[in-house]
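K.L.:
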Ligand SMILES: Nc1ncnc2c1ncn2[C@@H]1O[C@H](COP(=O)(O)OP(=O)(O)OP(=O)(O)O)[C@@H](O)[C@H]1O
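Numbering (UniProt numbering), first residue to last: 1 to 326.
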């Protein structure tokens, strides 16, 4: 459904330099599947989401392929992309208030999302919007249809945003930290709603998060990003049970839940490298507890159990999957 193939994104910065925010990522999201994209701040998660949505900073360079239902999105004009967005792919971001127009009734905003892409009358759009608001758990949606966003709590606003995003049955939803701004009990409700809706509609979700607990709760597969590259991907069950990349292991070890008894929370020492001048070889080498001589060369990408992949010299005896960097 969504196939990201060796995607690289370079963003211009001052002094004629470039940030290589995404450095050759290969990843797919299937129908009804939720893929968690995790990694520390600055690893390129949101930029990858922007590459799929056609929303990169101006002047950015994109290479590789972004295929949606077999169609390459890279060559689309701005107008063609506008039609794809909200119809074939949709975005739910962190702050629902920023996604909603504060002056418009919430129901009208969902109805507008439908009418932007479908030639249907106002009444039919209203009926469908009410149905969608009900499906995302807005109580008494007919009566709440005309309320402006400020009459809704943060969690309820995010439900409205999800209703608008799913209005046209998109193939893929990019959910960028969709629950980060919400309090913990509401977070779980929104995640379960996403899980429910995607199973029912077949929409695939790329769920961007820095919270491995969120991934454990709702994702089918996980892709771990470090310094612009996916270093490991596989089913949530396989990767959590036996993380193969030292960075994945360090991320899992640094989660509070792994240490709630001892109260001793290790951190990953050091920082994500400067992506205006990414290091040659393995990008994690400078912080890796298991670094050795070979890590000065780019690690091979090898196949792991259950169709997963890992890019690390520790596993070079496994069969190679491709030449690309992720
Ligand atoms: N508009 C921009 N101009 C310059 N550099 C940018 C821009 N957007 C992103 N970058 C750089 O690209 C790299 C990846 O950033 P990105 O926001 O995609 O990471 P992220 O993993 O989503 O981080 P976070 O979890 O903090 O959102 C970082 O080095 C960032 O500084």
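Here a beta-carbon is modelled for each residue, glycine too, at the ideal position from N, C-alpha and C.
Please name the residue or residues paired with residue 320 in a DSSP beta bridge.
P.N.:
302
K.L.:
At which residues does the beta strand (DSSP E) containing residue 1 begin and terminate?
P.N.:
Looking at the DSSP string, residue 1 is not in any beta strand (DSSP E), and its letter there is neither H nor E.
K.L.:
Tell me the residue span of the alpha helix (DSSP H) that contains residue 252.
P.N.:
First-last of the alpha helix (DSSP H) with residue 252: 246-253.
K.L.:
Would DSSP call residue 311 helix, strand or coil?
P.N.:
strand
K.L.:
Using the C-alpha atoms, what's the distance from residue 302 back to residue 319?
P.N.:
5 Å
K.L.:
So residue 186 and residue 178 are supposed to be a Cβ contact under 8 Å. How far apart are they, rounded?
P.N.:
About 11 Å separates the two Cβ atoms, so there is no contact after all.
K.L.:
Unbroken alpha helix (DSSP H) runs of length 4 or more, entirely within the region 14-86: which are they?
P.N.:
45-53, 78-84
K.L.:
In chain order, what are the residue ranges of uninterrupted beta strand (DSSP E) at least 3 long that sit wholly in the region 164-228?
P.N.:
172-176, 204-208, 221-226
K.L.:
Taking contact to mean 3 or more Cβ pairs, one atom from each stretch, closer than 8 Å, check whether the region 32-39 and the region 211-218 are in contact.
P.N.:
yes
K.L.:
I think residue 48 touches residue 84, with their Cβ atoms under 8 Å apart; what is that distance to the nearest whole Å?
P.N.:
Incorrect: roughly 17 Å between the Cβ atoms, too far for contact.
K.L.:
Which residue marks the beginning of the alpha helix (DSSP H) containing residue 133, and which one marks its end?
P.N.:
Taken as a continuous stretch (DSSP letters only), the alpha helix (DSSP H) holding residue 133 covers 122-135.
K.L.:
Between residue 175 and residue 207, is the Cβ-Cβ spacing less than 7 Å?
P.N.:
yes
K.L.:
Does DSSP put residue 149 in a helix, in a strand, or in coil?
P.N.:
helix
K.L.:
Quick one: is residue 8 buried, meaning 16 or more other Cβ sit within 10 Å of its Cβ, or exposed?
P.N.:
buried
K.L.:
Once the 5 residues before and after residue 161 are set aside, which same chain residues still bring their CB inside 7 Å of it?
P.N.:
92, 96, 99, 100
K.L.:
Going by DSSP, which residues form a beta bridge with residue 235?
P.N.:
221
K.L.:
By a C-beta neighbour count over all protein chains shown, 10 Å radius and 16 as the cutoff for buried, is residue 4 buried or exposed?
P.N.:
buried
K.L.:
To the nearest angstrom, how far is the alpha carbon of residue 236 from that of residue 222?
P.N.:
C-alpha separation (whole angstroms): 6 Å.
K.L.:
For residue 78, which of 58, 94, 241 has the nearest alpha-carbon?
P.N.:
Ranking 58, 94, 241 by Cα distance to residue 78 puts 58 first.
K.L.:
Might you give, ordered along the chain, the residues of its own chain that have their beta carbon closer than 6 Å to the beta carbon of residue 260, omitting 5 neighbours on each side?
P.N.:
Here the model assigns residue 260 a pLDDT of 48, short of 50, so the residue's position is not dependable, and the following value carries that caveat. There are no such residues.
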